[in-house]
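Residue 71 in numbering that gives the first Met the number 0 is what sits at position 72 of the sequence shown, and the numbering runs on without skipping anything.
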Amino acid sequence: MKVAEKTPQDQERLDAMASELQQLKEERARLQEKLAEMTSMEEDRTRRKGIFAAGSSTDETKLVMSRREKVLRKLFCL
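In structure tokens:
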């Protein structure tokens, strides 16, 4: 079995591929950092939204309560 010898062209291709691979790894690391940051921001946003929603009495909550009351009244009237 004959082993192929490396030519200068092969070495250039290997160097180009290695460079491209390194760039892709760096981009992946950057995107993973950005994803972690955005996930953290989303969790914080959800937490804050929950805090503000718990403290305020919105019209939607009143509508839900009135629907519940209507259902209970209908059940008791039967």
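Backbone N, C-alpha and C fix where the C-beta goes; we use that ideal spot for every residue, glycine too.
The structure displayed is predicted, hence computed values, not measured ones.
- For glutamate 25 and proline 7, the gap between their C-alpha atoms comes out near 27 Å.
- Here DSSP, grouped into helix, strand and coil, assigns glutamate 4 to coil.
- Rounded to the nearest angstrom, the gap between the Cα atoms of leucine 20 and arginine 27 is 10 Å.
- Between the C-alpha atoms of alanine 52 and aspartate 43 there is a straight-line separation of about 14 Å.
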